[in-house]
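In what follows, a structure is listed as structure tokens, so that the remarks can point back to it.
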Amino acid sequence: IVCISKDDRKTVYKLINDKSDFCIETVKCTCKVGCLKCLRYRPLMINTEGKYFPCFIEQENYINLIQNQTISPDINNYIGEGNRRISEFAVRYGNNSPILNNEPTLEKYRDIVYFELSKDAYKDIKENYRSYELLRTRYFDQEYIHFIPINPSDSWKNYKKTLRIMINNFYKEKAKLIKSNNKVIEEDGLVLNRVVFSHQNSVLIENDINSIKEILEHLDYVQTIYFKLKGYYYKLNYINLSISEMDINGRTVYIGAFFPKNKEDRELIKDRYLNKEGFSMITENYYNFIVKKAQEKKNGD
């Protein structure tokens, strides 16, 4: 085949010496070319109910084009409003987009600032996240199973070392086994849980859950913590974060997890959330915190 045309989003090929109109097209997701070029390449997304979606990732932020069972005469104004929203994203993200990392990276460690949220704070940020200047990117629903050696050292007992299976409930066929070293540090007035991965991309094994459990059993590892975690990922400027509810031993705990990469990120988190009502920074090893929460329910506290 030979390339006959190419732009930022689409490449068209033809078979060599083929005289027909047959072509092969490869097309990138519109988000991949970046917000700056979205207005040029994105299709107009209108569903069968007449809902117009200006942005692919903001599915809850639509505009109704049908009024009284007929198309609104203001349709051009509505589409213009959608274009204005995209223009704001273009200024903010340029050739990038909020759901993509266009630069390949190898993550050796990750800093996380954890907050425990009150139920009211969790509900408010979930329902009114735009008032927090947050961009919602995607939903997640996961389960975690932690293991330690049958004769653990103090590092394992104190969760300075962790070995866990992560299950994505949208794709249960493949679970991930992740091993990391964990330490608590303080920088710029925030307590960080630094997770240092022991393998590239953090994953040791990717297989079905029963196969992974069988391997761990043969290696004399036993299960300790089990919890479910579901919620949404967001962006605050360039900071990734998640707001989620954890189900641990029949108890629901509300968690905010922020992933700062530099001093500027840390200062923004401190300014917005450190003293915010309903937000309590977790100042210990995250997994020790989880164990305590499970025991509170178990002990009837």
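In terms of the working numbering, the sequence shown has 211 at position 202, counting the first letter as 1, and numbering is strictly consecutive. Here a beta-carbon is modelled for each residue, glycine too, at the ideal position from N, C-alpha and C. What you are looking at is a predicted structure, and each value in this text was computed from that prediction instead of being measured.
Residue j beta carbon less than 9 Å from that of residue i
{"i": "I291", "j": "F149", "result": "no"}
{"i": "L126", "j": "Y263", "result": "yes"}
{"i": "I299", "j": "V122", "result": "no"}
{"i": "D311", "j": "N202", "result": "Since the first and last residues shown for the chain are 10 and 310, residue 311 lies out of range."}
{"i": "K239", "j": "Q151", "result": "yes"}
{"i": "L213", "j": "I187", "result": "yes"}
{"i": "N246", "j": "K302", "result": "no"}
{"i": "D197", "j": "K272", "result": "yes"}
{"i": "S189", "j": "S220", "result": "no"}
{"i": "N249", "j": "F236", "result": "no"}
C-alpha distance - residue i paired with residue j, whole-angstrom precision
{"i": "K222", "j": "N294", "result": "25 Å"}
{"i": "H155", "j": "L225", "result": "11 Å"}
{"i": "K244", "j": "K28", "result": "50 Å"}
{"i": "M175", "j": "I88", "result": "42 Å"}
{"i": "D83", "j": "F62", "result": "16 Å"}
{"i": "G265", "j": "I159", "result": "32 Å"}
{"i": "N70", "j": "N56", "result": "13 Å"}
{"i": "K183", "j": "E215", "result": "6 Å"}
{"i": "H227", "j": "P161", "result": "16 Å"}
{"i": "N137", "j": "N284", "result": "19 Å"}
{"i": "V100", "j": "G91", "result": "15 Å"}
{"i": "K185", "j": "N26", "result": "47 Å"}
{"i": "S251", "j": "I134", "result": "11 Å"}
{"i": "R260", "j": "N77", "result": "46 Å"}
{"i": "L74", "j": "G59", "result": "5 Å"}
{"i": "R173", "j": "E254", "result": "19 Å"}
{"i": "L24", "j": "K15", "result": "16 Å"}
{"i": "G287", "j": "V42", "result": "39 Å"}
Exposure of residue i, with buried meaning 16 or more beta-carbon neighbours within 10 Å
{"i": "C44", "result": "buried"}
{"i": "K19", "result": "exposed"}
{"i": "C12", "result": "exposed"}
{"i": "F31", "result": "exposed"}
{"i": "Y180", "result": "exposed"}
{"i": "R49", "result": "exposed"}
{"i": "D229", "result": "exposed"}
{"i": "P113", "result": "Low local confidence applies: a pLDDT of 47 at P113 is under 50, so the model's placement there is unreliable, with the coordinate-based value given in what follows. By the neighbour-count rule (16 or more Cβ atoms within 10 Å), P113 is not buried but exposed."}
{"i": "K166", "result": "exposed"}
{"i": "R93", "result": "exposed"}
{"i": "R145", "result": "buried"}
{"i": "V231", "result": "exposed"}
{"i": "P53", "result": "Just to set this straight, residue 53 is Leu in the shown sequence, not Pro. That one is exposed."}
{"i": "G309", "result": "Since pLDDT at G309 reaches only 46, below the 50 mark, its modelled position is unreliable, and no value is offered."}
{"i": "S140", "result": "exposed"}
{"i": "I72", "result": "buried"}
Cβ shell of residue i (< 7 Å), same chain only, five flanking positions each side left out
{"i": "E67", "result": "none"}
{"i": "K192", "result": "K169, R203"}
{"i": "Y118", "result": "R203, V204, V205, F206"}
{"i": "K37", "result": "R18"}
{"i": "R51", "result": "T39"}
{"i": "I194", "result": "L201, R203"}
8 Å CB neighbourhood of residue i in its chain, flanking five on each side removed
{"i": "Y22", "result": "I10, V11, C12, I13, C32, I33, E34, T35"}
{"i": "Y296", "result": "H155, Y168, T171, N191, I234"}
{"i": "L199", "result": "V122, P269, R275, I278, K279, L283, M290"}
{"i": "E305", "result": "R260"}
Contact test: residue i Cβ vs the ligand COA heavy atom, cutoff 8 Å
{"i": "N297", "result": "No copy of the ligand COA appears in this structure; indeed no ligand is present at all."}
Nonlocal neighbours in the same chain, by C-beta distance under 6 Å from residue i, ignoring five residues either side
{"i": "Y131", "result": "Y263"}
{"i": "G103", "result": "L45"}
{"i": "L5", "result": "Examination of residue 5 is not possible in this model, given that the chain is present from 10 through 310 alone."}
Interface flag, residue i vs chain B, CB-CB below 9 Å
{"i": "V193", "result": "Absent from the structure: chain B. Only one protein chain is present."}
**Asked** Can you list, in chain order, the stretches of the alpha helix (DSSP H) that have 4 or more residues and sit fully within the stretch 125-157?
**Response** Here the runs fully enclosed are 128-136.
**Message:** Suppose only complete runs of 4+ residues qualify. What are the alpha helix (DSSP H) ranges in the stretch 260-287, listed by chain order?
**Reply:** The stretch 260-287 contains these whole alpha helix (DSSP H) runs: 272-282.
**Prompt:** What are the complete beta strand (DSSP E) segments, minimum 3 residues, inside the stretch 200-228?
**Reply:** Annotation note: the stretch 200-228 contains the following uninterrupted beta strand (DSSP E) runs of length 3 or greater, listed N- to C-terminal: 212-216.
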